[in-house]
Amino acid sequence: MVGIRKSVTLLLAWYAFFHALTLVAILFVHFVLDIDMKILGEAGKILEVYFLELMDRNVAICLSPGIWLGLRIVTGSFRILPWR
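Here's what the structure looks like:
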């Protein structure tokens with residue numbers, strides 16, 4: 005049971021980390037560089053659909069902090085940097 009719990013928390017930590025990293029990159033490209041996501045081809049379309057249509061904007065922004073808070077409650081550590 006301990007091995008499964010450790011694996012699930014590690015998976016959630018990595019997902020939250022990559023979700024936050026991707027969200028910051030998309031916001032930087034869209035707002036700072038003023039580049040349309042469709043110029044990136046199929047990958048840009050997939051990311052745009054994931055963050056703007058499948059997930060509501062508020063959910064997309066609050067997902068990583070919510071996972072980190074849940075990890076803090078369950079394990080006692082935020083695990084913002086999953087490799088530590």
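Just so we're aligned, residue 5 is where the sequence shown starts under our numbering, counting upward by one. Where is the CB? At the ideal position from N, CA and C, for every residue including glycine. The structure presented is a predicted model; accordingly, all values stated were derived computationally and were not measured.
Euclidean distance between Cα positions of residue i and residue j
{"i": "K42", "j": "K49", "result": "6 angstroms"}
{"i": "V28", "j": "A64", "result": "11 angstroms"}
{"i": "L31", "j": "G7", "result": "36 angstroms"}
{"i": "W91", "j": "W72", "result": "Past the edges of the chain, shown from 5 to 88, lies residue 91, and the structure says nothing about it."}
{"i": "W87", "j": "D38", "result": "33 angstroms"}
{"i": "I77", "j": "G70", "result": "11 angstroms"}
{"i": "E1", "j": "F55", "result": "Lying outside 5 to 88, the shown extent of the chain, residue 1 is not represented and no answer is given."}
{"i": "M21", "j": "L85", "result": "In the sequence on display, residue 21 carries Phe and not Met. Approximately 7 angstroms, taken between the alpha carbons."}
Nearest-angstrom beta carbon gap, residue j and residue i [assumed within contact, 8 angstroms]
{"i": "S68", "j": "L75", "result": "Actually they are not in contact, since the Cβ atoms of S68 and L75 sit about 11 angstroms apart, beyond 8 angstroms."}
{"i": "R83", "j": "T13", "result": "7 angstroms"}
Own chain residues within Cβ distance below 6 angstroms of residue i, not counting five before or after
{"i": "C66", "result": "none"}
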